[in-house]
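Protein chains in written order, with our numbering: chain A, 1 to 268; chain B, 269 to 609. Written out below as structure tokens is the structure these notes cover.
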Amino acid sequence: MNALAAVVSDSVTITRRNLIKVKRVPDLIVFATLSPIMFVLLFRYVFGGAINVPGDVSYAEFLLPGIFAQTIVLGSTTTGASLAEDLQKGLIDRFRSLPMSRSAVLVGRTFADLGLNVISIAVMALTGLAVGWRIHSSVPEAIGGFLVLLVFSYAISWLMAVVGLLVRTPEVVNNASFMVIFPLTFVANTFVPLESFPAVLRTFAEWNPVSAVVQAARDLFGNTPAGAPVPDAWSLQHPVLYTGLWTVAFLAVFVPLAVRLYSRTPGR
Amino acid sequence: MTPAIVVEGLVKRFGATTALAGVDLTVPEGSVLGLLGPNGAGKTTVVRILATLLQPTEGRAEVVGLDVVRDAARVRAAIGLTGQYAAVDEYLTGFENLEMVGRLYRLGRREARARATELLERFDLVAAASRPAKTYSGGMRRRLDIAASLIARPRVLFLDEPTTGLDPRSRQGMWEFIADLADGGTTILLTTQYLEEADRLADAMVVIDRGRVIARGTGDELKAQVGGQRLEVTVASPADVGGVRDRLGPLAAGEMQVDEQSRRVSVPVSGGTETLAEALQLLEGSGVGVLDIGLRRPDLDDVFLTLTGRGAESETGSDAAAGRGDPPAGHEPVAIAGAAR
């Protein structure tokens, strides 16, 4: 078997293993879908009335791409916690003693988590449609919107893989990720327009990749208000390109780093 | 015949700690080596290096003629590893666990499934085959773990404390499985802190302590190192221990050992049954209440005690290991820890 075929075959085996767990522990999927539904409803109905969006667009339309982005970025933290759990239980040791590809455990993990994110997005989109969110663009553009979100979340998964392999305690991985993910998804255009931010925070938010992801999704779903002011920052004028650059950079740094860490991390 | 495992001058340091201070050992193809030692002796470190999970600081190790560092990938294809903690996926069923590992060993789908079925039968797990491993008992998990390491018919199998934490019945069952494997020609390196286990399963033994080999040989050779028979006297009250020691002094061929807790005095003797008669005579009229007296061949606990100056820690795990920095001084009474006789 040549090297590439081996990576693919091993990765499929590991992805299957990870998805079986999702099937066996339905709580996982319940929580992965309930919290996004909760977020959609909370923001739509609790804050929706108080938050003014410039231009002629409902808050539901403004909000949904933001919720998508926040949820899948949070979803990607699963990658780190799950790897840390496998390390703790000695499973990584078993895998490392097998004649399998050195990257398959990571590829299989990130793909399974991508699968979970696909489910989350689907649930959120349906909930969104029920509370007034609409897609106003063409089908290819809408597909593009979902792809930008998923590809970015996949890159974050590899960052989280590095965190999981370094930290090695699932609970700590979770806490550490929340410390990073919450500011990253809140200091952004996720829930409110940037115009309301104080200057320093606003600059950070403009160049925050999460803002670009949200902006890209809004543009591609046709949820950007027609009368909205053109963003000042280059990052938000070219959100798809800017997101793409971050994604490539993340993958270029964290894929090799994660594989390296996997190959040498002792199990305990 | 070429040896299946060759280890030469193996040193492993973790920062300032030296886990292995130069270990040599050879395991002929098709034989079972028992790697014996207390907690923290370095047994697991040896196994992890041989299984390519750790790199040695110095020295070299070969498995089936392949260097474990340079040829790590090919070594992995030839070995099976069962660690101290059963590394099975608890959400997968027994069958799914075995199938997954089979696939990762590059078996075809059909072969992986056939092997999984075969091993579930052999390890008495058929009834539990379609249940998630989470529901398994400790013994079942351990069996599943060993089955997983056997799925690709490895030439060399590493079993790191395969019976630690198992109840006596599961341990007995595990011994039978391991003996079967050895009969089938698999080379096995078995680590254990149970002397009885090594005595029963291994063709040869290497005893390590604090990263060094302190003895090697067959069980009989090791016992011979300790010398001849021992006279053992168990008394009724702790107050009688001193009396027995005084009275039997003339018979002792070496250091006497006293286990205060079980009120047992163990005396190395040079003679045979006539010694027993002599002992009875010496004790007669002394007022000492003797519960039990007998001659015994040394077992591996005695070997351990003689070699390390302290008993093997068998049950208490890390608590015992914590105290092992200060071996009892030579003349103090020494508790004989370890397996009950």
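Idealized CB from N, CA, C, for every residue including glycine. On a predicted model such as this, the values are computed, not experimentally measured, just so you know.
* Could you check where the beta strand (DSSP E) with B/Ala319 kicks off and where it finishes? -> Premise fails: B/Ala319 is in no beta strand (DSSP E) and is neither H nor E.
* Per DSSP, what kind of secondary structure is B/Met524 in: helix, strand or coil? -> Three-state DSSP puts B/Met524 in coil, outside helix and strand.
* Mind listing the chain B neighbours of A/Leu91? Cutoff is C-beta to C-beta under 7 Å, in chain order. => Ala355 and Asp357
* May I ask you to verify whether the region 146–161 of chain A touches the region 109–128 of chain A, counting CB pairs closer than 8 Å and requiring at least 3? => yes
* Excluding the 5 residues preceding and the 5 following A/Phe39 in the sequence, name in chain order all residues of the same chain whose CB lies nearer than 6 Å to its CB. => Ile67
* Mind checking whether the beta-carbon of A/Tyr262 lies closer than 6 Å to any heavy atom of the ligand ZN? -> This structure simply doesn't include the ligand ZN, nor any ligand for that matter.
* Expressed to the nearest angstrom, what Euclidean distance is found between the alpha-carbon atoms of A/Thr78 and A/Glu85? -> 10 Å
* Asked: So, is the C-beta of B/Pro400 closer than 7 Å to a C-beta in chain A?
  -> For B/Pro400, the closest Cβ of chain A is nearer than 7 Å.
* For B/Thr262, which residues in chain A fall below 7 Å Cβ to Cβ? -> Residue numbering for chain B in the displayed model covers 269 to 609; residue 262 of chain B lies beyond these limits and cannot be assessed.
* Asked: Between which two residues does the alpha helix (DSSP H) harbouring A/Val213 extend?
  -> Pro209 to Phe221
* **A/Ala143 burial status per 10 Å Cβ neighbour count (16 or more: buried)** => With the sequence shown as reference, residue 143 of chain A is identified as Ile, and Ala is not the correct amino acid for it. A/Ile143 comes out exposed.
* To do: Put B/Thr576 into one of helix, strand or coil per three-state DSSP.
  => helix
* Asked: Within 7 Å (strictly less), CB to CB, does A/Arg218 reach chain B?
  -> no
* Out of curiosity, what's the CA-to-CA distance linking B/Arg410 and B/Leu425? -> 14 Å
* Whose Cβ in chain A lies nearer than 9 Å to the Cβ of B/Tyr373? -> Leu98, Pro99 and Met100
* Asked: At a Cβ threshold of 7 Å, is B/Gly302 touching chain E?
  -> Absent here is chain E; the protein component of the structure consists of chains A and B.
* **Boundaries of the beta strand (DSSP E) in which A/Ser103 is found, first to last residue** => Counting along the chain, no beta strand (DSSP E) covers A/Ser103, and no H or E run does either.
* Per DSSP, what kind of secondary structure is B/Arg484 in: helix, strand or coil? -> Secondary structure of B/Arg484 (DSSP, three-state): strand.
* From A/Leu261 to A/Ala104, what distance separates their C-alpha atoms? -> Taking the straight line from one Cα to the other gives about 13 Å.
* Members of the region 404–419 of chain B near chain A, C-beta cut-off 9 Å -> Listed by position along the chain: Asp413, Ala416 and Ser417.
* **Bridge-paired residues (DSSP) for B/Gly348** => B/Leu425
* To do: Quick one: give me the first and last residue of the alpha helix (DSSP H) that B/Thr541 is part of.
  => Segment Thr541 to Leu551, the alpha helix (DSSP H) holding B/Thr541.
* Asked: Leaving out five residues before and five after A/Thr110 in sequence, what residues of the same chain have Cβ atoms less than 8 Å from its Cβ?
  -> Thr79, Tyr154, Ser157, Trp158 and Ala161
* **Near-chain B residues of the region 134–152 of chain A (beta-carbon distance less than 7 Å), N- to C-terminal order** => none
* Asked: Out of curiosity, what's the CA-to-CA distance linking B/Pro271 and A/Arg96?
  -> 24 Å
* What residues in the region 25–45 of chain A bring their beta carbon closer than 9 Å to a beta carbon of chain B? -> Val25
* **Any C-beta of chain B under 7 Å from that of A/Arg17** => yes
* To do: Please report how far the alpha carbon of B/Leu366 lies from the alpha carbon of B/Ser538, in whole angstroms.
  => 54 Å
* To do: Just mark B/Gly598 as buried or exposed, buried being the case when its beta carbon has 16 or more other beta carbons within 10 Å.
  => Bear in mind that the predicted position of B/Gly598 carries a pLDDT of just 32, short of 50, making it unreliable; the figure below should be weighed with that in mind. Exposed, since its Cβ has fewer than 16 Cβ neighbours within 10 Å.
* Under a Cβ-count criterion, where at least 16 other Cβ atoms within 10 Å of its own Cβ denotes burial, should B/Glu583 be classed as buried or exposed? -> Bear in mind that the predicted position of B/Glu583 carries a pLDDT of just 36, short of 50, making it unreliable; the figure below should be weighed with that in mind. Result: exposed.
* With a 10 Å radius around its C-beta and 16 neighbouring C-beta atoms as the bar for buried, classify B/Ala573 as buried or exposed. => Note that residue 573 of chain B is Leu in the sequence shown here, rather than Ala. Answer is buried; the Cβ neighbour count reaches 16.
* What three-state label does DSSP hand A/Glu206 in the structure shown? -> helix
* Are the C-beta of B/Ala345 and some C-beta of chain A separated by less than 7 Å? -> yes
* Endpoints, beta strand (DSSP E) assigned at B/Gly327 -> Glu326 to Val331
* **Euclidean distance between Cα positions of A/Ile274 and A/Ile121** => There is simply no residue 274 of chain A to check, as chain A begins at 1 and stops at 268 in what is shown.
* Listed by chain order, chain B residues near A/Asp10 by CB distance under 9 Å -> The answer, in chain order, is Arg371, Leu372 and Arg374.
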